[in-house]
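Following: one structure in structure tokens, then a few remarks.
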Amino acid sequence: MFIEEILNQYTNGKRNFKEANLAGANLAGANLTHCNFTRADLSQASLARADLSRGLMFEANLNEAFLFATDLSFAKLEEAKLINADLTKANLQGAILAKVDLTGAKLSGATLSWVSFYRANLPEVNFCGANLNGINLRSANLTKANLNWTNLSGARLSGATLKGALLNGVKLEGAYMNGLMLQEINFSGLELSGVRMSGGDFRRANLLGANLSKAELRVVKFEQVNLKQANLHQSNLKAGHFNRANFTKTDLSEADLRKADLSEANLNLANLTGADLSGANLQGVSLWGANLEGANLRGADLTGASLRDAILTGVDLRDAILTGAVMPDGKIHG
227 MFIEEILNQY TNGKRNFKEA NLAGANLAGA NLTHCNFTRA DLSQASLARA
277 DLSRGLMFEA NLNEAFLFAT DLSFAKLEEA KLINADLTKA NLQGAILAKV
327 DLTGAKLSGA TLSWVSFYRA NLPEVNFCGA NLNGINLRSA NLTKANLNWT
377 NLSGARLSGA TLKGALLNGV KLEGAYMNGL MLQEINFSGL ELSGVRMSGG
427 DFRRANLLGA NLSKAELRVV KFEQVNLKQA NLHQSNLKAG HFNRANFTKT
477 DLSEADLRKA DLSEANLNLA NLTGADLSGA NLQGVSLWGA NLEGANLRGA
527 DLTGASLRDA ILTGVDLRDA ILTGAVMPDG KIHG
């Protein structure tokens, strides 16, 4: 189909170009908004600065297409092929790219707010510095993707694969991160306040100085995690696994740690004022110099714990197990 014919048909009201063969076509700057390009072949086509907004592009072939500054806002591109496509500075706001293949694609400077990349294949894609606020990356493959300095506030990352991804300086405030496997990842100093995570695995991760205030971290695996000097104020850590985690000088004030496993954790000099530790496993925990003023330790197991120099003013220790615990005055509880 000739380019002139396409443009003339569009001018005359035609919008259905389903399965059209436009491989290698030059449609730069064309106005093709609201068009149906379902299963069309646009591979290696030049679509720079074209307006393809609100179009239907289901299963379209856009491999190696040149989409510089193209307007794809609110377009539906489910299962489209965009391998090695150049989307530099493209406008993808509100676009649906579920199950697309963007292997090797260029997205530098692209507008990606509120985009859906559900189950998309995005290995080694470069999102460095991008604003991904509210983006849907559920179950997406982000293996070795460059997410350095990206804004992922409010993003949906549940079930995504982030193995080997670069995450320096990433902002994850209010992000949904259920079921993520992030063992040994480095999140030191990151903004993670208000994140929502259930069932995630952060074993041996580094969260030194990270801000996790008001985070929802229910039933997470945080064994041997470094949370030194982190902010977990008013966070929900109910039934979490924090065995041998490092909470030195960490702010856990008013945190919900009910039935959490903190056995052998380091809580030296931690702020636990007003925290709820009822029913928690605190066997062998070190609480040297920790501030537990007003904390709830009812029914907690503190067998062999060290509470030397800890502040226990107003602490509820009803039904707590203190066998072999070292009390603030240095005496061992009988």
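Mapping of the sequence shown onto this note's numbering: residues 227 to 560, in sequence order. Note that the Cβ used here is the ideal one computed from N, Cα and C, for glycine as well.
| Asked | Found |
| --- | --- |
| Would you check if the distance between the CB atom of residue 393 and the CB atom of residue 366 is smaller than 8 Å? | no |
| Exposed or buried, which one is residue 387 when buried takes at least 16 other CB atoms within 10 Å? | buried |
| Measure the CB-CB distance between residue 463 and residue 481 and report whether it falls below 8 Å. | yes |
| As a quick exercise: from 325, 317, 493, 451, pick the residue whose alpha carbon is nearest that of residue 517. | 493 |
| Rank 313, 539, 408 by C-alpha distance to the C-alpha of residue 433 and give the top, closest one. | 408 |
| What residue range is occupied by the uninterrupted alpha helix (DSSP H) comprising residue 233? | 229–237 |
| Look at the Cβ atom of residue 301, then the Cβ atom of residue 328, and state whether they are nearer than 8 Å. | no |
| Classify residue 255: buried if its beta carbon has 16 or more other beta carbons within 10 angstroms, exposed otherwise. | exposed |
| With distances taken Cα to Cα, identify the nearest neighbour of residue 457 among 316, 405, 315, 413. | 413 |
| Would you mind sorting residue 231 into buried or exposed? The rule is 16 or more other CB atoms within 10 Å of its CB. | exposed |
| Can you say whether residue 353 is buried or exposed, counting buried as having 16 or more other CB atoms within 10 angstroms of its CB? | buried |
| What three-state label does DSSP hand residue 387 in the structure shown? | strand |
| Where do the N-terminal and C-terminal ends of the beta strand (DSSP E) with residue 423 fall, by residue? | 422–424 |
| Helix, strand or coil for residue 559 per DSSP? | coil |
| Using the rule of at least 16 other Cβ atoms within 10 Å of the residue's Cβ for burial, across every protein chain shown, is residue 397 buried or exposed? | buried |
| Below 7 Å CB to CB, which residues in the same chain sit around residue 556 once its five sequence neighbours on both sides are set aside? | 534 |
| Could you work out which residue in 402, 547, 531, 415 is closest to residue 554 when comparing CA atoms only? | 531 |
| Less than 8 Å between the C-beta atoms of residue 263 and residue 243, yes or no? | yes |
| Could you tell me the distance, in whole angstroms, from the CA atom of residue 383 to the CA atom of residue 422? | 10 Å |
| At what residues does the beta strand (DSSP E) containing residue 548 begin and finish? | It is not in any beta strand (DSSP E) - residue 548 carries neither H nor E in the DSSP assignment. |
| In chain order, what residues of the same chain lie with their CB nearer than 7 Å to the CB of residue 359, ignoring the 5 residues before and after it? | 339, 377, 379, 380 |
| Does the beta-carbon of residue 237 have 16 or more other beta-carbons within 10 angstroms, so that it is buried, or is it exposed? | exposed |
| Starting from the C-beta of residue 525, find all residues in its chain whose C-beta is less than 6 Å away, skip the five residues before and the five after it, and write them out in chain order. | 504, 505, 545 |
| Counting only runs that start and end within the segment 379–458, where is the alpha helix (DSSP H) found for 4 or more residues in a row? | none |
| Can residue 298 and residue 326 be called in contact, C-beta distance under 8 Å? | no |
| If residue 510 and residue 490 are in contact, beta carbons under 8 Å, what's the gap, nearest whole angstrom? | 4 Å |
| Where does residue 342 sit, in a helix, a strand or coil, going by DSSP? | strand |
| For residue 253, I'd like the list of residues in its chain whose CB is within less than 7 Å of its CB, leaving aside the five on either flank, ordered along the chain. | 229, 271, 272, 273, 276 |
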